[in-house]
Amino acid sequence: MSKGSIKKNYILNLFYQLLSILTPLVTTPYISRVFGAEAVGEYSYAESIVSYFVLMAVLGTETYAKREISYVQDDVNKRSLIFFNTFILRLVTTATMLIAYFFSAYHKALLLVLAVNIVTVACDITWFFQGLEEFGKIVCRNVLLKLINIIFVFCL
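Taking the working numbering, the leading residue of the sequence shown gets 1085, the next gets one more, and so forth.
This is the structure in structure tokens:
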């Protein structure tokens, strides 16, 4: 990796981290005012439950896959094998966690809405681009999703 590439990746990640820090500073007061303390509390509790299921669905595959992809960046066959094995493993673990998640006795409507968070874990291939050191694509996608999120919050 060249010095220019390291500097570019650092700046891109710094920009995204700043956006990640500033977004809640803008949206949280608005959400609290619109929904009230009780609704925000219920949502936060349900989201904390979802985060445990997401954690179990991922099972450390992201760290493992990033490392393995970075080792074989130039070998397309090995890289493809690692990608598909990791992707299939994540699909299986996510499906298992999704089934277990729906046996939870908490607020069913909220569970359905937040189930999207678990499903997106299976589809997230950020680890692949991190292994290839292509942070530009990751940051563009994440910034776009953050901006869409902000727009949706203020459309409430």
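All C-beta atoms, glycine included, are put in the ideal place defined by N, C-alpha and C.
Computed from a predicted structure; not experimentally measured.
Distance from the CA of residue 1144 to the CA of residue 1094, rounded to the nearest whole angstrom, comes to 24 Å. The beta-carbon separation of residue 1172 and residue 1215, rounded to 17 Å, does not stay under the 8 Å limit for a contact. In the structure shown, residue 1214 adopts helical secondary structure according to DSSP, grouped into three states. Apart from the 5 residues on each side of it in sequence, residue 1131 sits with its Cβ closer than 7 Å to the Cβ of 1198 in its chain, given in chain order. Residue 1219 counts as buried, since no fewer than 16 other beta carbons sit within 10 angstroms of its beta carbon.
Secondary structure note for residue 1224: its alpha helix (DSSP H) is the uninterrupted segment 1219-1238. Here residue 1185 is buried: its Cβ has 16 or more other Cβ atoms, across all protein chains shown, within 10 Å. Membership of residue 1168 in the alpha helix (DSSP H) is indicated by the continuous run 1160-1185. Distance check between residue 1092 and each of 1239, 1230, 1235 and 1222 places 1222 closest, using alpha-carbon atoms only.
Separation of residue 1116 and residue 1196 (C-alpha to C-alpha, rounded to the nearest whole angstrom) is 22 Å.
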